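Engineer: Dropping the structure in here first, questions after.
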Amino acid sequence: LPGDLTMCGPPPPSSFAVTQAIIGIMSQFYGPQRGPVNLDDPEVYHRLIEAEKFAYSYRTKLGDVNYVKDADKVSRNMTKIDFTRWIASRVPDVAQELSYYNLDNTQVVEDHGTSSISIIDREGNAVSTTDTINQLLGSKRISPTLGILWNDEMVRSLIVYFYT
Numbered sequence: 013l014p015g016d017l018t019m020c021g022p023p024p025p026s027s028f029a030v031t032q033a034i035i036g037i038m039s040q041f042y043g044p045q046r047g048p049v050n051l052d053d054p055e056v057y058h059r060l061i062e063a064e065k066f067a068y069s070y071r072t073k074l075g076d077v078n079y080v081k082d083a084d085k086v087s088r089n090m091t092k093i094d095f096t097r098w099i100a101s102r103v104p105d106v107a108q109e110l111s112y113y114n115l116d117n118t119q120v121v122e123d124h125g126t127s128s129i130s131i132i133d134r135e136g137n138a139v140s141t142t143d144t145i146n147q148l149l150g151s152k153r154i155s156p157t158l159g160i161l162w163n164d165e166m167v168r169s170l171i172v173y174f175y176t
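Start counting the sequence shown at 13; every next residue gets the next number (our numbering).
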């Protein structure tokens with residue numbers, strides 16, 4: 013990352029390399045050396061979504077290094093500056109067909125997703141949120157004290173991929 017910033021996270025089988033790639037791609041467009049980011053600019057969000065599409069297309073190559081050939085190599089490559097520059101150069105001005113992002117033509121079984129966002133400010137304060145609601149209304153239970161809708165699973169133990 014630019015400056016003295018460093019990201020730390022687990023290796024495969026985690027998908028942390030996906031998060032690192034997204035942030036690395038976005039740092040090609042924005043960062044301390046480029047001044048403040050205008051969060052009212054739709055282009056910021058367009059680029060974020062495009063970066064996510066590319067990074068998530070590589071998730072199909074990750075997994076337990078004892079069983080998934082080259083998972084560790086792919087993970088390390090996704091965090092390199094040359095990779096993030098290359099992906100940033102491919103970020104289009106308008107959304108493309110999904111095949112544009114799915115570089116190896118792998119298709120993933122439809123799932124209802126997990127999203128995570130973590131933010132750390134200049135003072136080191138951090139906030140993180142993760143959702144794994146997955147199905148309509150998740151577990152159909154709400155926290156009685158916080159009013160938060162609970163998810164319907166704690167761990168994704170199996171993701172099935174179909175290769176074309």
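Glycine included, every Cβ here is placed at the ideal spot set by N, Cα and C.
Fair warning: this is a prediction, and the values are worked out from it, not measured in the lab.
1) Who are the Cβ neighbours of phenylalanine 197 in its own chain at under 6 Å, not counting the five residues just before and after it?
2) Below 8 Å, how does it come out for the region 42-61 and the region 75-87: are there three or more Cβ pairs, yes or no?
3) Starting from the Cα of aspartate 76, find the closest Cα among Gly43, Ala33, Phe28, Val103 and give me that residue.
4) So, helix, strand or coil for valine 139, using DSSP?
5) Could you check what DSSP says for serine 26 in three-state terms: helix, strand or coil?
6) If you scan the region 57-117 from start to end, which runs of the alpha helix (DSSP H) of 4 or more residues do you find wholly inside it?
7) Going by beta carbon distance, what residues of the same chain come within less than 6 Å of glutamate 62, once the five residues before and after it are set aside?
8) Can you tell me which residues form a DSSP beta bridge with serine 39?
9) Per DSSP, which one or two residues make a beta bridge with isoleucine 131?
10) Since alanine 37 contacts isoleucine 99 with CB under 8 Å, what's their CB separation in whole angstroms?
Structural biologist: Let's see:
1) Nothing about residue 197 can be read from this structure; the chain reaches only from 13 to 176.
2) no
3) Phe28
4) strand
5) coil
6) 83-90, 93-102
7) Val103
8) Answer is none; serine 39 lacks a bridge partner.
9) Val139
10) With the sequence shown as reference, residue 37 is identified as isoleucine, and alanine is not the correct amino acid for it. With 8 Å as the limit, isoleucine 37 and isoleucine 99 qualify as a contact, their Cβ atoms being about 5 Å apart.
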